[in-house]
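To start, the structure itself, in structure tokens.
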Amino acid sequence: MRENRIRALLLAPATAIFFVLFVLPLAYFFVISFWRKVLFAMQPDFTFVNYLLVYQQHLATLAFTLALAFVVALLTTVLGFVYAYIVRFKAGRWGPALLFISLITMFGGYLVKIYAWMTILGIKGVLNTALLALGVIDEPLPWLYYNAGAVVVTLVNFSLPLAILPIYASMRGITDIELEAARDLGAAGWRSFSDIVVPRSRVGITAAFGLTFLLAGGDYLTPQLVGGKVNMIGVQIAAQFGLIFNWPMGAAMSFVTLGSSSVVALFTIWLFSQWRPR
Amino acid sequence: MRGVSDIVWRAVACLFVVFLLSPLVLVVLFSFTSRAQSAFPIESLSLRWWEAMFSDPRFPGAFWNSIIISGTVGLLCAVIGTMAAMALARMEPGRARPAAAMLCLPLMVPPLVLGVALLAFYSKTHIALGRQTVIMSHLLFTLPFVVLVVYARLRNFDYRVVESARDLGASPLRAFFTVTLPIIRATIVGAALIAMSLSLDDFVITFFTISGGQTLPIFVFGMIRAALTPTANAIGTLILVMTIGTTLVALWLTRYRG
């Protein structure tokens, strides 16, 4: 009894924050997604009109966002896997240094990195001016910037550390003894990779894909700053809380985005769990 | 053959490092350019963009807001996160793990959605937007990190030393402050510093919950939208120094090795 009370007391502030600042706001947000906007004010109601409008007006944007987020998450997970693989199996004494680089780039500089890519890819940007100065090109390349490619590069760049760390954490559990035993039993190269390394990294790979997919699908600054005309659902959601000022609509769009990206992420993770490389 | 594959792996690793670090290095580099554009060639080094940053009337407010917000977030996280981690450490792993996973749920929701949902919530409950709402909102995504790091430390903690203190007549509270806390202090401080660095760096949630105020990332954003001058590089460099600096100290204190 006493032990239970101490535990509850210790957990109380964290649980309070979780329920008051996470569950409650999301629940209220869900409720207002069924309200209506009437002359710059919200009118309590129970209507699906916002969801209907999401379907009618934003379906293409949503589909494009999910496709782009999928590409970003896939690229990030594969690259994160390669990086973690190098740290764990190939880098030797440089492994800790490589891991350290991914750690320090994880906690800092979300906005700074987006800004950096603006200055790198722009028409008068770092890449173009450097290539011009080196004489590789005669005039600036206009296609580096303000397109979906620039958005993908930027999103992959700041998501990569988020993918490396969980994959490395699960790879660290693979011992050299297992790999040597496999080799002695005749399973070397691809066999040991597909039968040991990939399955043993499954948890990390799944976490990396899920996290980067959800975050990329909900991003709005990257398309706004380096995407030009690239339209993602996040930009549209943010607009409902800015100039358009239609919170019920923004709430409905948020939940459609959350729901559809969770479905896509879970389905992909399920597909991956069925895959047995040979 | 061995030599060739080694060279290939090394080259791939170098490409990765360039991809991860070059954006940050370039931001720092161009904060010292004498030209008005963040581009090559750099004709000479200059501090004019740093002077421009310091003389901007919005700078002191943004800087102190960032310090106050991240400092408060770090302190609150250290206390609340350690308490929660100690509760988890007192449960069987089978029950502690789902509880920890639940506390991590806010990390799976895009910051944009969290930001606008919190904005709607604060407006409904008539909580005035400002530093206080930013601090509360930051706790949501910083707390999970502190709980996880401190909980990991407590899982390989030798409880016999606490039991000895209790056998010698120390109250639970006294045993905590004289035995447990000194042993896990470095971990707590490290975890709190990670929370501070996440808080310092946050733009999206701050943007929706601060209402008109400034923090360093908000200041940079305003500058990027107006015109691309290297003043944004100077503020960006300052943010990087602060976030990466606190992360470095945190990694050293928690002895985190991946």
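Chains as they are written, first to last, in the working numbering: chain U, 276 to 553; chain B, 24 to 281. The beta-carbon is built from N, C-alpha and C at its ideal position, and this holds for glycine as well.
Could you tell me whether the Cβ atoms of residue i and residue j are closer together than 7 Å?
i	j	result
LEU221/B	ALA391/U	no
ARG282/U	ARG197/B	no
ASP79/B	TYR385/U	no
THR229/B	VAL139/B	no
ARG284/U	ALA107/B	The sequence given here places Leu at residue 284/U; Arg does not occur at that position. No.
VAL426/U	VAL510/U	no
LEU349/U	MET131/B	no
THR238/B	SER54/B	no
THR497/U	LEU430/U	yes
GLU265/U	ILE471/U	Nothing about residue 265/U can be reported from this structure: the residues present for chain U run from 276 to 553 only.
LEU337/U	ILE508/U	yes
PHE63/B	ALA423/U	no
ALA257/B	GLY97/B	no
LEU313/U	LEU263/B	Before going further, note that residue 313/U is Val rather than Leu in the sequence given. It is not a contact, given that the beta carbons lie outside the stated cut-off.
VAL357/U	LEU374/U	no
THR254/B	ALA75/B	yes
ALA119/B	LEU128/B	no
PHE484/U	THR352/U	yes
VAL40/B	ILE376/U	yes
LYS365/U	TRP87/B	no
PHE323/U	ALA526/U	no
LEU334/U	MET159/B	no
ILE103/B	PRO288/U	yes
Tell me, to the nearest whole angstrom, how far the beta carbon of residue i is from that of residue j; I am working on the premise that it is less than 8 Å.
i	j	result
ALA101/B	ILE206/B	15 Å between Cβ atoms; not a contact.
GLY383/U	THR266/B	3 Å
PHE144/B	PRO300/U	4 Å
ILE389/U	LEU500/U	5 Å
SER445/U	ARG466/U	No, SER445/U and ARG466/U are not in contact; Cβ-Cβ is about 20 Å, not under 8 Å.
ALA359/U	TYR443/U	4 Å
GLY259/B	VAL243/B	6 Å
LEU142/B	PHE516/U	7 Å
GLY213/B	VAL172/B	7 Å
SER234/B	LEU152/B	4 Å
SER57/B	SER45/B	Their Cβ separation, rounded to whole angstroms, is 21 Å, which puts SER57/B and SER45/B out of contact at 8 Å.
ALA209/B	LEU276/B	5 Å
SER536/U	ALA344/U	7 Å
VAL347/U	THR487/U	7 Å
ALA85/B	ILE241/B	7 Å
GLY236/B	ARG154/B	7 Å
MET317/U	TRP522/U	6 Å
LEU10/B	LEU162/B	No answer is possible for residue 10/B: it lies beyond the span of chain B, which begins at 24 and ends at 281.
I need the boundaries of the alpha helix (DSSP H) containing residue i, first residue and last residue.
i	result
ASP79/B	Note, ASP79/B: premise wrong, no alpha helix (DSSP H); not H, not E.
TRP418/U	First-last for TRP418/U: undefined, no H or E at that position.
SER529/U	522-549
THR277/B	254-277
TYR495/U	Where TYR495/U is concerned, there is no enclosing alpha helix (DSSP H), given that its DSSP letter is neither H nor E.
ARG154/B	154-178
LYS147/B	134-147
ASN403/U	401-409
ILE211/B	204-224
ASP190/B	183-190
THR394/U	385-396
GLY370/U	370-379
GLY245/B	239-249
ILE233/B	227-233
LEU196/B	195-198
Inter-stretch contact at 8 Å, needing at least 3 Cβ pairs: the region 478-495 of chain U / the region 135-143 of chain B: yes
Complete alpha helix (DSSP H) runs within the region 285-364 of chain U (minimum length 4 residues, chain order): 299-307, 324-332 and 334-360
Uninterrupted alpha helix (DSSP H) stretches inside the region 444-528 of chain U (no shorter than 4 residues): 451-459, 477-492, 496-501 and 508-515
Could you say if the region 302-320 of chain U and the region 480-487 of chain U meet the contact criterion of at least three C-beta pairs nearer than 8 Å? no
Is it the case that the region 407-425 of chain U contacts the region 449-469 of chain U, given that we only count it when at least three CB pairs across the two stretches are under 8 Å? no
Are at least three pairs of beta-carbons, each pair with one atom in the region 532-550 of chain U and one in the region 355-373 of chain U, less than 8 Å apart? no
Three or more beta-carbon pairs under 8 Å between the region 290-297 of chain U and the region 146-166 of chain B, yes or no? yes
Are the region 419-437 of chain U and the region 375-382 of chain U touching by the rule of at least three beta carbon pairs closer than 8 Å? yes
Stretch-stretch touch, CB-based, cutoff 8 Å, three pairs: the region 326-336 of chain U with the region 524-534 of chain U: yes
Which whole runs of the alpha helix (DSSP H) in the region 94-134 of chain B are 4 residues long or more, in chain order? 116-126
Are the region 182-192 of chain B and the region 115-126 of chain B touching, with three or more C-beta to C-beta distances below 8 Å? no
What beta strand (DSSP E) runs, 3 residues minimum, are completely inside the region 31-86 of chain B? none
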